[in-house]
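Going from the sequence shown to the working numbering is simple: count from 1 and add 26. For reference, the structure is listed below as structure tokens.
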Amino acid sequence: MRSRSTMLCVAATLVTLASSTGAAVAEPAPSAGPNVRVTVDDGGNGGYLSADQLAGGGYGDPVLTRCGSDRRMQNEPTLAIDPRNPSVWTSGSNDYCTVPTAGDAWAGFYRSTDSGATWTDSLLPGYNGDASAQGTSSPLHAQVAGGATAAGDPVMAWDAHGDLFYMGNNFNRGIENGVSGRTRDNTGDVWVATYAPVNPSDSTTDGAKYLRTVILATNTFGLGSFNDKTNLAVDPATGNVYAAWSDFHGSGCNEILFSRSTDHGVTFSAPLKISSGICGNQGPSIAIGPSGQVYVGWEGSTGGALSKAPGAISGAAFTVSSDFGQTFSKAAIVVTYAPFMFEAFSGNGARECGDGPFACPSGFTFPRSDLAGPYLAADNAHATIVMAFQAAQPSGQGQIETVRSTDGGANWSSPALLSPSAVGHQFYPFLAASSGRISAIWYDSRNDPQYSAGRPPCNSSSGQTSACLNVRYADSLDGGLNWSASIQVTDLPTNLNYEQFGGRLVPFFGDYITVAAQGDTVGATWTDQRNTVSAPDPSGDNDGADVSGDPETGGVCTSSLTACFDGTGGLDQNIYSALITP
């Protein structure tokens, strides 16, 4: 474990490792393959399969059948590639296909055996209406019966033996029980599920057999406690499973909690607070070092719960464990930056803007973008740790910045732009390291003909929204010192601003996207609106963000709990993937 005095120096002394002076590493230009729809919920796949059917059983139910045709929203995708067989990919999302039958969104589980060319869609067992043996034996079954009918925030990681670990949270929507709004009756938990090979000798069956779900922590009812913002990693050498998440409190400093499993996901340790001395904690990211070090970074601030103490700073927090997650160094803010968040464009500080009660003085329409990083990757071939985060530039433009450490996190470089662009906003960076390559993806609006640093992505000066957003990719072959020229991954731009949530009044585009890598196999998943059917709203704001079926557009769909929206395509937000050739 690194000493307290050493870690305290991190925040005070940043060693500059200027990327602008590094010699560029020559490499072929990467390329992106066809964009593939992961969530096929338009009637083209005959329904979702149950966990029982994925492993060769026969259980099915109306929830699964309906999920295959209701054209609902999916966002916040995860992706993991099997190191034992890189043709086996798994993904997940917040999947709203369960809303009409189960009452809320659930954790989708998607699997491919051909490097993302085709997908089989499923759900994590335990959802409302799941009568399978897998579902009724899950501890989430009792949580759902108690009102925690939603699940999401998916993240995934493989071990070296064909076992997939799938983490997320389970919750109700919370009922305010005090005038301050800081206390809510939140039920729910954070969980890790395990999927194993159906046949351990056949790697094509890796991750197809659901084994179990383990609850790591539960919300404290009545106090506003909410366990959220999950992350997961597996040490390929030991097989240890590491989980971290944010515990938001009704008052006081929220925490980053950590738990580990040393028995392949059968049990997990009691949650350990690793964020002492830091507040405003959210969005942990875990990376594994060359000797099993556990690195954790997140967004945090000093100065108390509201960061009002003199000298308070905000930025990327970091801590490290040198004993396989048993203890951690003193956490510190290792780099400061101004997070790029869309609320700067609202005119009143609102985190999201839309119609009706969500309308903002600026007249713009946009989803929230609260999770500003950092995201970690450990390039053990070059003995570096790299962080990426979305930072507001002096002009107001959002750009992805990176820092790197060559000494295990004791010192960090000055921030440098990953993919400098004179126009467009960049946000939601994600990193993956494999075989001496660090891969990065992010959302990018550089192709927006109406771009202005003072406007949110894909908004004109009059508040008209458009399809202008793409996913871009770049990689580094020298531990994050230099990055390749970026390429566009998406073959169609998307409009992130469709008002599909909050009674069809506000957008939501999730909090992250994912890139995954094993060897030279690299894949990406993202949220995409190309299948969404829009409709004009001539009697209203006509902002190009209204969807088909919405009464604002002359539609008759008043509730997402009915079948009305199924045929319109107005809620058809999907997850897409692509194979990237580095």
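Backbone N, C-alpha and C define an ideal beta-carbon position, used for all residues, glycine too. Note that the coordinates shown come from a computational prediction; the quantities given were computed from them, not determined experimentally.
Label D433 either buried or exposed according to how many other C-beta atoms from any shown protein chain fall within 10 Å of its C-beta, with 16 as the threshold for buried. Exposed: under 16 other Cβ atoms inside 10 Å.
Distance, Cα to Cα, V361 vs P400? One C-alpha to the other measures close to 10 Å.
Go to A403, then tell me how far its beta strand (DSSP E) extends in each direction, as first and last residue. Membership of A403 in the beta strand (DSSP E) is indicated by the continuous run 401 to 405.
Once you ignore the five residues that flank A131 on each side, which residues in its own chain have a CB closer than 7 Å to its CB? Closer than 7 Å at the Cβ level, and outside the excluded window around A131, lie N120, D121, Y122, T124, V125, A176, G178.
Cβ separation of Y192 and V218, assumed to be a contact under 8 Å, to the nearest whole Å: Rounded to the nearest angstrom, the Cβ distance from Y192 to V218 is 7 Å, consistent with a contact under 8 Å.
Exposed or buried, what is L258 when buried is set at 16 or more other beta-carbons lying within 10 Å of its beta-carbon? L258 is buried by the Cβ-count criterion.
Could you tell me how far apart the beta carbons of G549 and G278 are, in whole angstroms, since I believe they sit closer than 8 Å? Wrong, their Cβ atoms sit about 40 Å apart, outside the cutoff.
Three Cβ pairs or more, each shorter than 8 Å: is that satisfied between the segment 393 to 407 and the segment 304 to 322? A contact exists between the segment 393 to 407 and the segment 304 to 322.
Where DSSP assigns a beta bridge to S502, which residues make up the other side? According to DSSP, which records beta bridges pairwise, S502 is partnered with I464.
Below 8 Å on the Cβ atoms is my contact criterion, and I expect I539 with R498 to pass it. Report the Cβ-Cβ distance as a whole number of Å. I539 to R498, Cβ: 11 Å. No contact.
Give me the Cβ distance between T516 and A493, rounded to the nearest whole Å; I'm assuming they're in contact under 8 Å. Contact between T516 and A493 does not hold, since the beta-carbon distance rounds to 10 Å and is not under 8 Å.
Give the straight-line distance between the Cα atoms of Q425 and N473, rounded to the nearest whole angstrom. For Q425 and N473, the distance between alpha carbons rounds to 14 Å.
Have a look at the DSSP bridge pairing and note the partners of C305. DSSP, once it has assigned bridges, lists S327 as partnering C305.
Please return the same chain residues whose Cβ sits closer than 8 Å to the Cβ of A338, not counting the five positions on each side in sequence. So the qualifying residues of the chain are S327, T328, G329, G330.
Under the three-state reduction of DSSP, which class applies to S574: helix, strand or coil? It is coil, neither helix nor strand.
Beta-carbon separation of V541 and A458 under 8 Å? A distance below 8 Å separates the beta carbons of V541 and A458.
Please report the residue range of the beta strand (DSSP E) in which P180 lies. 176 to 184 is the span of the beta strand (DSSP E), which, as asked, contains P180.
According to DSSP, what are the bridge partners of C379? When DSSP reads this structure, C379 sits in a beta bridge with F392.
R92 in three-state terms, based on DSSP: Residue state, collapsed to three classes: helix.
Mind checking L518: buried by the 16 CB within 10 Å criterion, or exposed? Result: exposed.
Quick test of your reading: F354 and P482, contact by CB under 8 Å. State the CB separation rounded to the nearest angstrom. About 37 Å; that fails the 8 Å criterion.
Counting Cβ pairs, one atom from each stretch, are 3 or more of them under 8 Å apart for the segment 105 to 119 and the segment 567 to 574? Contact fails: fewer than three Cβ-Cβ distances are below 8 Å.
Just reading off the beta strand (DSSP E) that V548 is part of, what are its end residues? Residues 547 to 554.
Near E378, what residues of its chain come up, given a Cβ to Cβ distance below 6 Å and the 5 sequence neighbours on each side ignored? Excluding five sequence positions before and after E378, the CB atoms of its chain that fall closer than 6 Å to its own CB belong to P393, R394, V532, given in chain order.
G86 versus G155: straight-line alpha-carbon distance, rounded: Here the C-alpha atom of G86 lies approximately 11 Å from the C-alpha atom of G155.
Please confirm if the segment 523 to 530 is in contact with the segment 80 to 94, defined as three or more CB-CB distances below 8 Å between the two stretches. The segment 523 to 530 vs the segment 80 to 94: no contact.
Taking a contact to mean a Cβ-Cβ separation below 8 Å, would you say L597 touches R98 in this structure? The Cβ-Cβ distance between L597 and R98 falls below 8 Å.
Could you tell me the alpha carbon to alpha carbon distance between S340 and G194, rounded to whole angstroms? Near 26 Å, if we compare the C-alpha coordinates of G194 and S340.
Where L457 falls: helix, strand or coil (DSSP): In this structure, DSSP gives L457 an extended state, which the three-state scheme calls strand.
Buried or exposed by the 16-neighbour rule on C-beta atoms within 10 Å, applied to T162: By the 16-neighbour rule on beta-carbons within 10 angstroms, T162 is exposed.
Measuring alpha carbon to alpha carbon, tell me which residue in A589, D546, I411 is nearest S460. For the residues A589, D546, I411, the minimum Cα distance to S460 belongs to D546.
Do you know how far the Cα of D185 is from the Cα of P262? If you take the alpha carbons of P262 and D185, they lie about 6 Å apart.
Less than 8 Å between the CB atoms is what I'm expecting for I601 and T558, so what's the real figure, rounded? Between I601 and T558, the beta carbon gap of about 13 Å keeps them out of contact (Cβ cut-off 8 Å).
DSSP state of D592, grouped into three classes? In the structure shown, D592 sits in a helix (DSSP, three-state: H, G or I).
Using alpha carbons as the reference points, say which of A174, G536, Y236 lies closest to E102. Per the Cα distances, G536.
When the distance is taken between beta carbons, is A604 closer than 8 Å to P60? Yes, the Cβ-Cβ distance between P60 and A604 is below 8 Å.
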